[in-house]
Amino acid sequence: MKYGVYFAYWEDSWDVDFEKYVRKVKKLGLDILEVAALGLVNLPEQKLERLKQLAEQHDIILTAGIGLPKEYDVSSTDKTVRRNGITFVKKVMDAMHQAGIHRIGGTVYSYWPVDYSGPFDKPAARKHSIESVRELAEYARQYNITLLIETLNRFEQFLLNDAEEAVAYVKEVNKPNVKVMLDTFHMNIEEDHIADAIRYTGDHLGQLHIGEANRKVPGKGSMPWTEIGQALKDIRYDGYVVMEPFVKTGGQVGRDIKLWRDLSGNATEEQLDRELAESLEFVKAAFGE
1 MKYGVYFAYW
11 EDSWDVDFEK
21 YVRKVKKLGL
31 DILEVAALGL
41 VNLPEQKLER
51 LKQLAEQHDI
61 ILTAGIGLPK
71 EYDVSSTDKT
81 VRRNGITFVK
91 KVMDAMHQAG
101 IHRIGGTVYS
111 YWPVDYSGPF
121 DKPAARKHSI
131 ESVRELAEYA
141 RQYNITLLIE
151 TLNRFEQFLL
161 NDAEEAVAYV
171 KEVNKPNVKV
181 MLDTFHMNIE
191 EDHIADAIRY
201 TGDHLGQLHI
211 GEANRKVPGK
221 GSMPWTEIGQ
231 ALKDIRYDGY
241 VVMEPFVKTG
251 GQVGRDIKLW
261 RDLSGNATEE
271 QLDRELAESL
281 EFVKAAFGE
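1 is the number of the first residue of the sequence shown in the UniProt record's numbering; add one for each residue after it.
1) Are three or more beta carbon pairs between the region 215-235 and the region 257-264 nearer than 8 Å?
2) Take the Cβ of R103 as the centre, count every other Cβ of all protein chains shown within 10 Å, and call the residue buried at 16 or more, exposed below.
3) Would S76 be called buried (16 or more neighbouring beta carbons within 10 Å of its own) or exposed?
4) Between the region 274-282 and the region 41-48, are three or more C-beta pairs nearer than 8 Å?
5) Grab the span of the beta strand (DSSP E) containing R103 for me, first residue to last.
6) Less than 8 Å between the beta carbons of Y200 and A163, yes or no?
7) In whole angstroms, what separates the C-alpha of F185 from that of W112?
8) Spatial neighbours of K122 within its chain, please: C-beta separation below 7 Å, excluding the five flanking residues on both sides.
9) How far does the alpha helix (DSSP H) with G254 in it extend, from its first residue to its last?
10) Hey, is the region 231-241 in contact with the region 86-97, meaning 3+ C-beta pairs nearer than 8 Å?
11) Flag this pair as touching only if the region 65-85 and the region 17-32 have three or more C-beta atom pairs under 8 Å; answer yes or no.
12) How many Å lie between L259 and K248 at the Cα?
13) With a 10 Å radius around its C-beta and 16 neighbouring C-beta atoms as the bar for buried, classify D183 as buried or exposed.
14) Going straight from the alpha carbon of P125 to that of K79, what length do you get?
15) Could you please give the first and the last residue of the uninterrupted beta strand (DSSP E) stretch that includes E150?
16) If distances are taken between C-alpha atoms only, which option among G239, E275, L48 and E269 comes closest to L148?
17) When burial is assigned at 16 or more other CB atoms within 10 Å of the CB, is H209 buried or exposed?
Below is the structure:
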């Protein structure tokens, strides 16, 4: 397996210079740096090329995550909003290609976080979402990009909340470059049994996000990591495992993640680095190399 981390572990903004984190994750022994796709579209071509070259130089795999804004909701019942969303995601994929990124996960199929202040039509949203993702998958093929459909908890999204819904969705999309992304934080809320949900997903699993139930680094809480590791072995998963911890308050990241208390113990950057390195060793022991 390949192990990585989401850059926002250290940041309070989605739109930052990712280059420093390429060097950092290499130093910490990781294989993957996940960046914010919304930040990529704001980078000039030379910066995208520089990011690609830096990652290649340090032998780091780049992946991207996204929570599409509401105005780009590709599952919307409003055709104009859907078309704007599809156009925007294609622009994101153009930037990903320039940066050498071949995977994007998150709510590429809808938007995040969902606005529950008004009514919504889940069957209609699902239908429109599948149509949009099929078009996006075809566009992604030219760049060898895989779309990772992430299940989210009920408080952040309504369309896909568990592995069963995600697998059914991906089967209906029926594109080889559309896979399921599972996330232990969301699974802890929605699944009856996390390990069984991983087994159910099986070959459809394209990437796994990991973190404790309160979003600390793995090993700092009560998640059943040994059971999760066994489930991954049972399905012979040897793909990407990306830690997605959020422990610091402040900024747009803190507001979007709804993090209202400092879970880090007022840690310095050096302390955050050390805890991440320790967590990596913990996860490798539970999951395997």
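Cβ atoms here follow ideal geometry from the backbone N, Cα and C, with glycine treated the same way.
Quantities reported herein were computed from a predicted structural model and do not represent experimental measurements.
Quick answer:
1) yes
2) By one-based count along the sequence shown, residue 103 stands at place 103. R103 should be labelled buried.
3) As a working note, residue 76 is residue 76 in the sequence shown. Buried, because 16 or more other Cβ atoms sit within 10 Å of the Cβ of S76.
4) no
5) For the purposes of this step, residue 103 is taken as the residue at position 103 of the sequence shown. First-last of the beta strand (DSSP E) with R103: R103 to T107.
6) In the sequence shown, the residue the question calls residue 200 occupies position 200. In the sequence shown, the residue the question calls residue 163 occupies position 163. Cβ distance < 8 Å, so Y200 and A163 count as in contact.
7) Here residue 185 refers to the residue found at position 185 of the sequence shown. Here residue 112 refers to the residue found at position 112 of the sequence shown. Going from the Cα of F185 to the Cα of W112 covers about 16 Å.
8) Along the sequence shown, one-based indexing puts residue 122 at 122. Closer than 7 Å at the Cβ level, and outside the excluded window around K122, lie F158 and L159.
9) Stepping through the sequence shown from its first residue, residue 254 is reached at position 254. Its alpha helix (DSSP H) spans residues G251 to I257.
10) no
11) no
12) Locating residue 259 in the sequence shown gives position 259, counting from the first residue. Locating residue 248 in the sequence shown gives position 248, counting from the first residue. Those two C-alpha atoms are separated by around 7 Å.
13) Along the sequence shown, read from residue 1 onward, the residue named residue 183 stands at position 183. By the neighbour-count rule (16 or more Cβ atoms within 10 Å), D183 is buried.
14) On the sequence shown, residue 125 is found 125 positions in, with the first residue counted as 1. On the sequence shown, residue 79 is found 79 positions in, with the first residue counted as 1. As written in the sequence, residue 125 is Ala, which differs from the Pro given in the question. Taking the straight line joining both Cα atoms gives about 11 Å.
15) Within the sequence shown, the letter at position 150 stands for residue 150. T146 to E150 is the extent of the beta strand (DSSP E) around E150.
16) Taking the sequence shown and counting its residues from 1, one reaches residue 148 at position 148. Checking every option, the nearest Cα to that of L148 belongs to G239.
17) For the purposes of this step, residue 209 is taken as the residue at position 209 of the sequence shown. It is buried - the Cβ of H209 has at least 16 other Cβ atoms within 10 Å.
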